[in-house]
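Undergrad: This is the structure I want to talk about, given as structure tokens.
Here you go:
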């Protein structure tokens, strides 16, 4: 809501001055709608809608549409719609009408050109922002970053090669582990065979001891047989010698028969002894052979049973070892596969973690750029709003000036009549006072308008009349 106050002063020269409060433009727009020190629709060396020492629609060294020491549609003490110290009246307005309108048109054209230039700059910025957004949507990367799309295929090929090399490496590691497991298997087999060989050698040594004992027993029996054979041969030899002696003695003697006790039959005794010894030797031989066969049979049975148990145990042990080796090989294979998968998982996690960090860095960069762009857009939007506000104010002020000018042009005849009436009143007062000093009457007329969004909502007029001595 802006208030405009118009003040009408009636002096001896009947001047009419207009003041505007609340209208102010930005600085730097140059001079006002008119210039020059003469009378007319503006004047003076001041900037703005009017100014200077001359008469016109405004006066003062600092008044104007913007710029200078003061701002606003204002009037100086020397200004007025009538004459000033130079005694220029409202009648001089017609002489400078063409020049004043030309100046007004020029200034309005310059303002419109500046507005168009600002609109063009704003449109250019909006176009650049739109192109940048389209480029961002099209490329998907930061504005300051490079285009690495040509490296994606190379990176994919290298990743495939790395994955293939990793698989080959895992396969080689698995083969090495399998070879180690096979070597361990053969080592276990060698150790088992070595233990079996040592066990068999121990059994053979035990059997050798038994064989040695049997050999000693056989040697003992053979020695007994030899001694008995020698004793038998010695007894036979003695018997033969005794028989030969007996025969020779019987051949050279005369048989004398006499009744006597019967003599000892040595042959029978020897035969009995021979039979007894032969029976004893045969019995001992049979007993030794039976004992040997019995012990040998038991030992053979024990050996056979032990061999069968050893073979059964060996078969079971071999089966268990095969199962254990197969399970160990499978376990090592599973462990190697697990390790390979863990390595692949760690590598994949690292690779995707690096990619995630890169993407997060890109996202942060894009967010920072987006925040910067938003701040730039807000700043440019604020500047655009300020410029639009200035433009609106300019248009409103121009419209206000136009309404004021049209109102002043429309009320020029009534103003002249009022001036005439005021002159007549002052003249009558002077004639009646018999050439005394004329009285001065000051009439202040205030026009208050409420403007909302460039539209006049309400308007009222306040008049104050006072006498000036």
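Numbering (full-length UniProt numbering), first residue to last: 1 to 469.
Using N, Cα and C, we set each Cβ at its ideal position, and we do this for glycine too.
This structure is a prediction, so every number in the text was calculated from the model and none was measured.
Thinking residue 281 and residue 211 are a contact (beta carbons under 8 Å), I'd like their distance in whole angstroms, please.
TA: Counting from 1 along the chain shown, the entry for residue 281 is found at position 281. Counting from 1 along the chain shown, the entry for residue 211 is found at position 211. That pair is no contact at about 25 Å.
Undergrad: What does residue 459 pair with, by DSSP beta-bridge criteria?
TA: For the purposes of this step, residue 459 is taken as residue 459 along the chain shown, with counting starting at 1. Paired residue(s): 449.
Undergrad: Three or more beta-carbon pairs under 8 Å between the segment 192-206 and the segment 373-386, yes or no?
TA: Counting Cβ pairs under 8 Å, fewer than three are found: no touch.
Undergrad: For residue 110, does the three-state DSSP call read helix, strand or coil?
TA: Counting from 1 along the chain shown, the entry for residue 110 is found at position 110. Residue state, collapsed to three classes: helix.
Undergrad: In three-state terms, what does DSSP make of residue 149?
TA: Here residue 149 corresponds to residue number 149 of the chain shown, with the count starting at 1. Residue 149 falls in the coil class under three-state DSSP.
Undergrad: Quick check on residue 272: does DSSP put it in helix, strand or coil?
TA: Here residue 272 refers to the residue found at position 272 when the chain shown is read from its first residue. Residue 272 falls in the helix class under three-state DSSP.
Undergrad: Name the residue from 232, 339, 296 whose alpha carbon lies nearest to the alpha carbon of residue 271.
TA: Along the chain shown, read from residue 1 onward, the residue named residue 271 stands at position 271. Cα-wise, what sits closest to residue 271 is 232.
Undergrad: Cβ of residue 266 within 8 Å of Cβ of residue 241?
TA: Locating residue 266 in the chain shown gives position 266, counting from the first residue. Locating residue 241 in the chain shown gives position 241, counting from the first residue. No, the Cβ-Cβ distance between residue 266 and residue 241 is not below 8 Å.
Undergrad: If residue 321 sits next to residue 188, beta carbons under 8 Å apart, how far is it from one beta carbon to the other, in whole angstroms?
TA: One-based indexing of the chain shown puts residue 321 at position 321. One-based indexing of the chain shown puts residue 188 at position 188. Yes, residue 321 and residue 188 are in contact; Cβ-Cβ is about 7 Å, under 8 Å.
Undergrad: Contact check, residue 334 vs residue 181 under 8 Å by CB: the rounded distance?
TA: Stepping through the chain shown from its first residue, residue 334 is reached at position 334. Stepping through the chain shown from its first residue, residue 181 is reached at position 181. The Cβ separation is near 12 Å, so there is no contact.
Undergrad: Here's a check: name, in chain order, each residue in its chain whose Cβ is nearer than 7 Å to the Cβ of residue 283, leaving out the five neighbours to either side.
TA: The count along the chain shown starts at 1 and reaches residue 283 at position 283. For residue 283, where only same-chain residues beyond five positions count, there are no Cβ hits under 7 Å.
Undergrad: So, for residue 461: in the same chain, excluding its five sequence neighbours on each side, which residues have a beta-carbon less than 6 Å away from its beta-carbon?
TA: Looking up residue 461 in the chain shown gives position 461. Closer than 6 Å at Cβ, skipping near neighbours: 447.
Undergrad: Find the nearest neighbour of residue 234 within the set 349, 273, 173, 360, judged by alpha-carbon distance.
TA: For the purposes of this step, residue 234 is taken as the residue at position 234 of the chain shown. Selected option, being the one with the closest Cα: 273.
Undergrad: Please name the residue, chosen from 314, 452, 403, 292, that lies closest to residue 199 on a Cα-to-Cα basis.
TA: Taking the first residue of the chain shown as position 1, residue 199 is located at position 199. Residue 199 has its Cα closest to that of 314, out of 314, 452, 403, 292.
Undergrad: Is residue 185 helix, strand or coil when you go by DSSP?
TA: Residue numbering aside, residue 185 sits at position 185 when the chain shown is read from its first letter. Helix, per DSSP.
Undergrad: For a quick check, are the C-beta atoms of residue 387 and residue 118 less than 8 Å apart?
TA: In the chain shown, counting from the first residue as 1, residue 387 sits at position 387. In the chain shown, counting from the first residue as 1, residue 118 sits at position 118. Yes, the pair counts as a contact, with Cβ atoms nearer than the cut-off.
Undergrad: How many Å lie between residue 163 and residue 351 at the Cα?
TA: Along the chain shown, one-based indexing puts residue 163 at 163. Along the chain shown, one-based indexing puts residue 351 at 351. Taking the straight line from one Cα to the other gives about 12 Å.
Undergrad: Hey, would you say residue 396 sits closer than 8 Å to residue 452, going by beta carbons?
TA: Locating residue 396 in the chain shown gives position 396, where the first residue counts as 1. Locating residue 452 in the chain shown gives position 452, where the first residue counts as 1. Cβ distance not < 8 Å, so residue 396 and residue 452 don't count as in contact.
Undergrad: Which value, in whole angstroms, describes the spacing of the CA atoms of residue 152 and residue 158?
TA: Start at 1 with the first residue of the chain shown, and residue 152 comes out as number 152. Start at 1 with the first residue of the chain shown, and residue 158 comes out as number 158. Near 10 Å, if we compare the C-alpha coordinates of residue 158 and residue 152.
Undergrad: Buried or exposed, going by whether 16 or more other CB atoms sit within 10 Å of the CB of residue 111?
TA: Along the chain shown, one-based indexing puts residue 111 at 111. With 16 or more other Cβ atoms within 10 Å, it is buried.
Undergrad: Is residue 168 helix, strand or coil when you go by DSSP?
TA: Stepping through the chain shown from its first residue, residue 168 is reached at position 168. Three-state result, residue 168: helix.
Undergrad: Going by C-alpha to C-alpha distance, which of 126, 449, 366, 220 sits closest to residue 136?
TA: Translated into the one-based positions of the chain shown, residue 136 becomes position 136. Checked all of 126, 449, 366, 220; the closest Cα to residue 136 is 366.
Undergrad: Nearest-angstrom Cα distance between residue 190 and residue 317?
TA: In the chain shown, counting from the first residue as 1, residue 190 sits at position 190. In the chain shown, counting from the first residue as 1, residue 317 sits at position 317. Using only the alpha carbons, I get a separation of about 14 Å.
Undergrad: Taking only the alpha-carbon atoms, compute the straight-line gap between residue 399 and residue 115 and give it to the nearest angstrom.
TA: Within the chain shown, residue 399 is the residue found at index 399, counting from 1. Within the chain shown, residue 115 is the residue found at index 115, counting from 1. The alpha-carbon atoms of residue 399 and residue 115 are separated by roughly 16 Å.
Undergrad: Rounded C-beta distance between residue 196 and residue 288? I'm assuming under 8 Å.
TA: The count along the chain shown starts at 1 and reaches residue 196 at position 196. The count along the chain shown starts at 1 and reaches residue 288 at position 288. The pair is not a contact, with the Cβ atoms about 36 Å apart (cut-off 8 Å).
Undergrad: Can the beta-carbon of residue 340 be found closer than 8 Å to that of residue 156?
TA: What you label residue 340 is simply residue 340 of the chain shown in a count that begins at 1. What you label residue 156 is simply residue 156 of the chain shown in a count that begins at 1. In this structure, residue 156 does not lie closer than 8 Å to residue 340 by Cβ.
Undergrad: Under the rule that 16 or more other beta-carbon atoms within 10 Å means buried, what is residue 336, buried or exposed?
TA: Residue mapping note: residue 336 aligns to position 336 of the chain shown, counting from 1. Looking at its Cβ environment, which holds 16 or more other Cβ atoms inside 10 Å, residue 336 is buried.
Undergrad: Quick check: residue 325 and residue 185, are their CB atoms within less than 8 Å of each other?
TA: Working through the chain shown from its first residue, we reach residue 325 at position 325. Working through the chain shown from its first residue, we reach residue 185 at position 185. A contact, by the Cβ cut-off of 8 Å.
Undergrad: Alpha carbon to alpha carbon, what distance is there between residue 214 and residue 292?
TA: For this step, residue 292 is matched to residue 292 along the chain shown. For this step, residue 214 is matched to residue 214 along the chain shown. One C-alpha to the other measures close to 8 Å.
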